[in-house]
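J.: Sequential numbering from 1 applies to the sequence shown in the UniProt record's numbering.
Beta carbons are placed, not taken as given, at the ideal position from N, Cα and C, and that holds for glycine.
Keep in mind it's a predicted model, so treat the numbers as computed, not measured.
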Amino acid sequence: MASQHGDGQERRTRTKAMVDKWLDERQQMLVLYCKLAGIDSFSPDKPEKQLLRDFCQLLVDYVAFGHFEVFDRINTGEERRGQVIRVAQAAYPKIAEVTDLVVEFNDKYDLSDHRQPLDNLGRDLSILGEDLASRIELEDKVVRALLQ
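1. Pairs of beta-carbons, one from the stretch 137-146 and one from the stretch 80-91, closer than 8 Å: are there three or more?
2. Please list, in chain order, all residues of the same chain as Arg73 whose beta carbon is under 8 Å from its beta carbon, the five residues on each side excluded.
3. Out of Arg53, Leu59, Ile39, point me to the one whose CA is closest to Leu128's CA.
4. Rounded to whole angstroms, how far is the Cβ of Ala91 from the Cβ of Leu138, which I believe are closer than 8 Å?
5. Please report how far the alpha carbon of Gln27 lies from the alpha carbon of Glu97, in whole angstroms.
6. What does a CB cutoff of less than 6 Å around Arg135 pick up in its chain, not counting 5 residues either side in sequence?
7. Here's the rule I'm using: 16 or more other beta-carbon atoms within 10 Å means buried, otherwise exposed. How should Cys34 be labelled?
8. Give the secondary structure of Ile39 by DSSP, where H, G and I count as helix, E and B as strand, and everything else as coil.
9. Between Glu25 and Phe65, how many whole angstroms is the CB-CB distance? I'm expecting something under 8 Å.
10. Classify Asp110 as helix, strand or coil using the three-state DSSP reduction.
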């Protein structure tokens with residue numbers, strides 16, 4: 001019985017660490033998003049291009065962590081709590097949809113790969129922000145379930 005208690009405590013500790021890392025990556029991404037959204041005019045020749053590059057990298061890291069660490073853990077059976085599984089399964093389709101939109105945004109604006117015209121960056125950031133807000137609401141439901 002003590003072993004089961006120890007195993008459960010270890011799983012909770014790993015879950016908390018995973019959630020903390022996920023939320024930390026989200027926070028870092030949102031900070032850069034706000035910095036980018038606050039730039040009035042943007043051109044690939046300005047110093048802010050590094051900010052866009054950094055944002056794209058953090059954005060991809062953040063959504064990849066959610067997909068490959070959090071949801072894979074749930075889908076592979078590592079997560080055994082029914083409530084967590086139900087919440088995650090309900091949230092996942094929309095989260096996956098936003099992941100696809102993030103990949104499209106990254107493919108369009110990752111300046112390390114090409115020199116994309118940035119005329120629509122403000123509009124695209126606005127749309128991305130709305131999509132991320134929807135994703136974050138769903139992620140928060142998953143986080144609450146994981147931490148219960």
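T.: According to the structure shown:
1. yes
2. By one-based count along the sequence shown, residue 73 stands at place 73. Counting only Cβ-Cβ distances below 8 Å, and skipping sequence neighbours, we find Met18, Glu79.
3. Here residue 128 refers to the residue found at position 128 of the sequence shown. That would be Leu59, whose Cα lies nearest to the Cα of Leu128.
4. Within the sequence shown, the letter at position 91 stands for residue 91. Within the sequence shown, the letter at position 138 stands for residue 138. Contact holds; Cβ gap of about 4 Å.
5. Here residue 27 refers to the residue found at position 27 when the sequence shown is read from its first residue. Here residue 97 refers to the residue found at position 97 when the sequence shown is read from its first residue. Between Gln27 and Glu97, the C-alpha separation is close to 21 Å.
6. By 1-based counting over the sequence shown, the position of residue 135 is 135. Cβ within range, chain order: Ile95, Val98.
7. Residue numbering aside, residue 34 sits at position 34 when the sequence shown is read from its first letter. With fewer than 16 other Cβ atoms within 10 Å, it is exposed.
8. Sequence index remark: in the sequence shown, residue 39 carries index 39 (1-based). Note: Ile39 maps to coil in three-state DSSP.
9. Here residue 25 refers to the residue found at position 25 when the sequence shown is read from its first residue. Here residue 65 refers to the residue found at position 65 when the sequence shown is read from its first residue. Right, their Cβ atoms sit about 6 Å apart.
10. If you number the sequence shown from 1, residue 110 lands on position 110. Of the three classes helix, strand and coil, the one that applies to Asp110 here is coil, per DSSP.
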